[in-house]
Amino acid sequence: MVSLVQRMLDLHKQQQAAGSEAVRERLQREINVTDEQIDRLVYELYGLTEEEIKIVEGR
Numbered sequence: 028m029v030s031l032v033q034r035m036l037d038l039h040k041q042q043q044a045a046g047s048e049a050v051r052e053r054l055q056r057e058i059n060v061t062d063e064q065i066d067r068l069v070y071e072l073y074g075l076t077e078e079e080i081k082i083v084e085g086r
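Each residue of the sequence shown is one higher than the one before, counting from 28 in our numbering.
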């Protein structure tokens, strides 16, 4: 979990410093994937059911 959070922070820093739109978009995709990984770990940590996950995600 800690490594994923650190990766998220690093990706945001890289995105802010990115010189081109293509790089910013690629980094945003990586941020989205990392965010989903963190979410899944948190859901697992708290033992959330699929129904509870839907509520948390607003689906």
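All C-beta atoms in this analysis are idealised placements derived from N, C-alpha and C, irrespective of residue type, glycine included. Keep in mind the model is a prediction, meaning the values are calculated, not measured.
query                                                                                              : result
Close beta carbons around residue 57, own chain, < 8 Å, minus the five adjacent residues each side : 38
Beta carbon proximity, residue 56 to chain D, threshold 9 Å                                        : As a matter of chain content, chain D is missing from the structure shown, which is built from one protein chain.
Rounded straight-line distance, which links the Cα of residue 85 to that of residue 31             : 23 Å
Which of helix, strand or coil DSSP assigns to residue 86                                          : coil
Residue 35 and residue 68 closer than 9 Å at C-beta                                                : no
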